[in-house]
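Enquirer: Attaching a single structure in structure tokens format; questions to follow.
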Amino acid sequence: MKNFNLILVIGATASGKTRLGVELARQLKGEIISADSRQVYKGLDIGSGKDLAEYGEVPHHLIDIVEPGHEYNAFQFQNDFFEAFTDIQSRNKQPILVGGTGLYVDAVVSGYEFVQLDKDLALRAELDLQPLEQVQKLLLELDAVQYEKTDLTVRPRLYRAIEIAKSKQVDPKPPKALPEIRPLYFGIQWDRKVLRKRIKTRLKERFEQGMVEEVQGLLDKGVSHEQLEYYGLEYRFVSQYIAGQISYEDMFDRLNIAIGQYAKRQETWFRRIERHGGKIHWLQGSGDIHQQACEVLAELNQT
1 MKNFNLILVI GATASGKTRL GVELARQLKG EIISADSRQV YKGLDIGSGK DLAEYGEVPH
61 HLIDIVEPGH EYNAFQFQND FFEAFTDIQS RNKQPILVGG TGLYVDAVVS GYEFVQLDKD
121 LALRAELDLQ PLEQVQKLLL ELDAVQYEKT DLTVRPRLYR AIEIAKSKQV DPKPPKALPE
181 IRPLYFGIQW DRKVLRKRIK TRLKERFEQG MVEEVQGLLD KGVSHEQLEY YGLEYRFVSQ
241 YIAGQISYED MFDRLNIAIG QYAKRQETWF RRIERHGGKI HWLQGSGDIH QQACEVLAEL
301 NQT
């Protein structure tokens, strides 16, 4: 029996995770489960980097399953993941998790036990009156780990993280009802300067593909500017541009910087995985990452 039952492909944004996931799925007769908090939403295509054409004939799960405007969280993702995971295994296929969103991956691998928690409206009203920096500081004081995993620039995400920290909502002990996960991590690593160039190039391509038009289309369908803030960096800054709050050039420059900062936060999450005993097989993005992954698999098969 192999010593893993889930392959995870992780890496900073723009590192090439989807491509490697697809190549491994074709090789191993696997199916991909997306661990991306934005790709679950229909219509959030360009800004979330769905790259659906790249999947080709490879079956994929947890993409385009929620209408924009509806809330989707780690609790729901965990349920949906294990449903897909069990289904894939029942057909003797290899599940491959590609992502993405650190909390989603942690919820699966660590088997977080979630207790459904309503929004604390009184707390949120109080936090609305505080400067963003003060809210960030509060989360850091409450839970440094949650602080590392949270998008610190979006107030709704900060508020939710504070609610979780205050209520002790997450219990890292695996519930007996969840299947055991034996992870095999593949991480894609790039030189930081090269990664920044890849981020900027990809951002230009997304605007050329019609990212502004995509966001305008979401607004036309009734998605509010406030909701777009929740959907991450691309949708936040493009929304501000459409609202006339910033120029096109300012939007691009600020977005490019913000994505680079997000990539640094992802690196912090990778280091935390390793500090907690997770073994990440690092693949060098400048080389043939699929070949490197195959070499790791071959070595594991011999042990």
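Counted from 1, the sequence shown has number 19 at position 19 by our numbering; the numbering is strictly sequential.
Heads up, the beta-carbon is just placed ideally off N, CA and C, and yes, glycines get one too.
Is the beta carbon of Val215 less than 7 Å from the beta carbon of Val194?
Expert: Taking the first residue of the sequence shown as 1, we reach residue 215 at position 215. Taking the first residue of the sequence shown as 1, we reach residue 194 at position 194. For Val215 and Val194, no; Cβs fall outside 7 Å.
Enquirer: For Ala35, which of Ile199, Asn73, Gly287 has the nearest alpha-carbon?
Expert: The residue you call residue 35 lines up with position 35 of the sequence shown. Checking every option, the nearest Cα to that of Ala35 belongs to Asn73.
Enquirer: Could you give the first and the last residue of the continuous beta strand (DSSP E) run that contains Ser34?
Expert: The residue you call residue 34 lines up with position 34 of the sequence shown. Note, Ser34: beta strand (DSSP E), 30–34.
Enquirer: Please report how far the alpha carbon of Ala298 lies from the alpha carbon of Gln291, in whole angstroms.
Expert: Residue numbering aside, residue 298 sits at position 298 when the sequence shown is read from its first letter. Residue numbering aside, residue 291 sits at position 291 when the sequence shown is read from its first letter. The straight-line gap from Cα to Cα measures roughly 10 Å.
Enquirer: Only counting runs of 4 or more residues, tell me where the alpha helix (DSSP H) segments fall wholly within the region 198–264, in order along the chain.
Expert: 211–220, 225–230, 233–242
Enquirer: On the premise that Gly260 lies in contact with Ile199, defined as a C-beta separation below 8 Å, what is that separation, rounded to the nearest angstrom?
Expert: Sequence index remark: in the sequence shown, residue 199 carries index 199 (1-based). Sequence index remark: in the sequence shown, residue 260 carries index 260 (1-based). Indeed they touch by this definition, with Cβ atoms about 6 Å apart.
Enquirer: Express the C-alpha separation of Phe186 and Ile148 in angstroms, rounding to a whole number.
Expert: Sequence index remark: in the sequence shown, residue 148 carries index 148 (1-based). Sequence index remark: in the sequence shown, residue 186 carries index 186 (1-based). Rather than Ile, the amino acid found at residue 148 in this sequence is Glu. Computed Cα separation, rounded: 21 Å.
Enquirer: For a quick check, are the C-beta atoms of Ala263 and Thr86 less than 7 Å apart?
Expert: Here the question's residue 263 lines up with position 263 in the sequence shown. Here the question's residue 86 lines up with position 86 in the sequence shown. Not closer than 7 Å, so no.
Enquirer: Got a sec? Which residues, its chain only, sit under 8 Å from Val22 by beta carbon, not counting five neighbours each side?
Expert: For this step, residue 22 is matched to residue 22 along the sequence shown. Hits under 8 Å: Ile32, Glu54, Tyr55, Gly56, Val58.
Enquirer: What are the start and end residues of the beta strand (DSSP E) that includes Gly102?
Expert: For this step, residue 102 is matched to residue 102 along the sequence shown. Here Gly102 belongs to no beta strand (DSSP E); instead the alpha helix (DSSP H) covers 102–109.
Enquirer: With DSSP as the reference, identify every bridge partner of Phe186, one or two as the case may be.
Expert: Indexing the sequence shown from 1 puts residue 186 at position 186. DSSP lists Val9, His281 as partners of Phe186.
Enquirer: Can you tell me which of Gln189, Arg206, Ser15 puts its alpha carbon nearest to the alpha carbon of Leu44?
Expert: Start at 1 with the first residue of the sequence shown, and residue 44 comes out as number 44. Measuring from the Cα of Leu44, the nearest candidate turns out to be Arg206.
Enquirer: In the structure shown, what three-state DSSP assignment does Gln94 receive?
Expert: Indexing the sequence shown from 1 puts residue 94 at position 94. Residue state, collapsed to three classes: strand.
Enquirer: State the DSSP-derived secondary structure class of His276, mapped to helix, strand or coil.
Expert: For the purposes of this step, residue 276 is identified with residue 276 of the sequence shown, where counting begins at 1. DSSP, reduced to helix, strand and coil, places His276 outside both helices and strands of the structure shown, so it counts as coil.
Enquirer: Compute the distance between the beta-carbons of Ile7 and Leu184, then report whether it is under 7 Å.
Expert: Looking up residue 7 in the sequence shown gives position 7. Looking up residue 184 in the sequence shown gives position 184. Cβ distance < 7 Å, so Ile7 and Leu184 count as in contact.
Enquirer: If I follow the unbroken alpha helix (DSSP H) through Val154, where does it start and stop?
Expert: Along the sequence shown, one-based indexing puts residue 154 at 154. Neither: Val154 is in no alpha helix (DSSP H) and is coded neither H nor E.
Enquirer: Take Phe114 as the anchor and find which of Arg124, Lys50, Glu163 has the nearest alpha-carbon.
Expert: In the sequence shown, residue 114 corresponds to position 114, counting from 1. It is Glu163.
Enquirer: What residues in its chain sit with their C-beta under 7 Å from that of Arg19, if we drop five residues either side in the sequence?
Expert: Position 19 of the sequence shown, counting from 1, holds the residue named residue 19. Glu54.
Enquirer: Should Leu52 be labelled buried (16 or more other beta-carbon atoms within 10 Å of its own) or exposed?
Expert: Here residue 52 refers to the residue found at position 52 when the sequence shown is read from its first residue. With fewer than 16 Cβ atoms within 10 Å of its Cβ, Leu52 is classed as exposed.
Enquirer: Once DSSP output is grouped into helix, strand and coil, what is the label at Tyr72?
Expert: Counting from one through the sequence shown, the residue named residue 72 turns up at place 72. DSSP places Tyr72 in coil when its eight states are reduced to three.
Enquirer: Who pairs with Tyr41 in a beta bridge, going by DSSP?
Expert: Residue mapping note: residue 41 aligns to position 41 of the sequence shown, counting from 1. The partner list for Tyr41 (beta bridge, DSSP) reads Val66.
Enquirer: Among Phe81, Ala293, Leu219, which has the Cα closest to the Cα of Gly37?
Expert: In the sequence shown, counting from the first residue as 1, residue 37 sits at position 37. Going by the sequence as given, residue 37 is Ser instead of Gly. Cα-wise, what sits closest to Ser37 is Phe81.
Enquirer: In chain order, what residues of the same chain lie with their CB nearer than 7 Å to the CB of Leu140, ignoring the 5 residues before and after it?
Expert: Locating residue 140 in the sequence shown gives position 140, counting from the first residue. The answer, listed in chain order, is Tyr147.
Enquirer: Just to check my reading of the structure: Gly69 and Trp190 have Cβ atoms closer than 8 Å, yes? What is that Cβ distance to the nearest angstrom?
Expert: The residue labelled residue 69 in the question sits at position 69 within the sequence shown. The residue labelled residue 190 in the question sits at position 190 within the sequence shown. No, Gly69 and Trp190 are not in contact; Cβ-Cβ is about 35 Å, not under 8 Å.
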